[in-house]
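Using our numbering, read the sequence shown as starting at 255 and increasing by one per residue.
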Amino acid sequence: MSIRFLSQPELRTKFKNKRVCIVGSGPSLASNNFGTVDSYDVVVRVNNYKILDGRTGFKTDVHYSFYGNSIKKY
Numbered sequence: 255m256s257i258r259f260l261s262q263p264e265l266r267t268k269f270k271n272k273r274v275c276i277v278g279s280g281p282s283l284a285s286n287n288f289g290t291v292d293s294y295d296v297v298v299r300v301n302n303y304k305i306l307d308g309r310t311g312f313k314t315d316v317h318y319s320f321y322g323n324s325i326k327k328y
């Protein structure tokens with residue numbers, strides 16, 4: 255799998271007139287109906303996401319993360 259950063263023009267094109275689902279990693283995500291997340295045109299996953307089953311979806315178009323100084327690791 256190839257990983258690369260998108261430019262702002264690429265992002266604008268990717269999101270224009272699309273239904274976007276931004277998915278975090280909170281426990282409430284597991285209460286979604288099966289297929290809800292994957293029904294969106296674009297799925298953005300944030301930070302340390304986990305794909306558990308159909309309720310959390312399988313689709314990932316964009317992975318956004320910030321693992322800077324705001325997260326403390328022990």
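We put the beta carbon where it would ideally sit given N, CA and C, even for glycine.
Per DSSP, the bridge partner or partners of residue i
i: F318; result: Looking at the sequence itself, residue 318 is Tyr, so the reference to Phe does not match. Its beta-bridge partners are V300.
i: V274; result: V296
Residue i vs residue j beta-carbon contact at 7 Å
i: V298; j: I276; result: yes
i: K272; j: V296; result: yes
i: L283; j: T310; result: yes
Where the alpha helix (DSSP H) containing residue i begins and where it ends
i: F269; result: 262–269
Touch check for the region 276–287 and the region 301–321: three-plus C-beta pairs under 8 Å? yes
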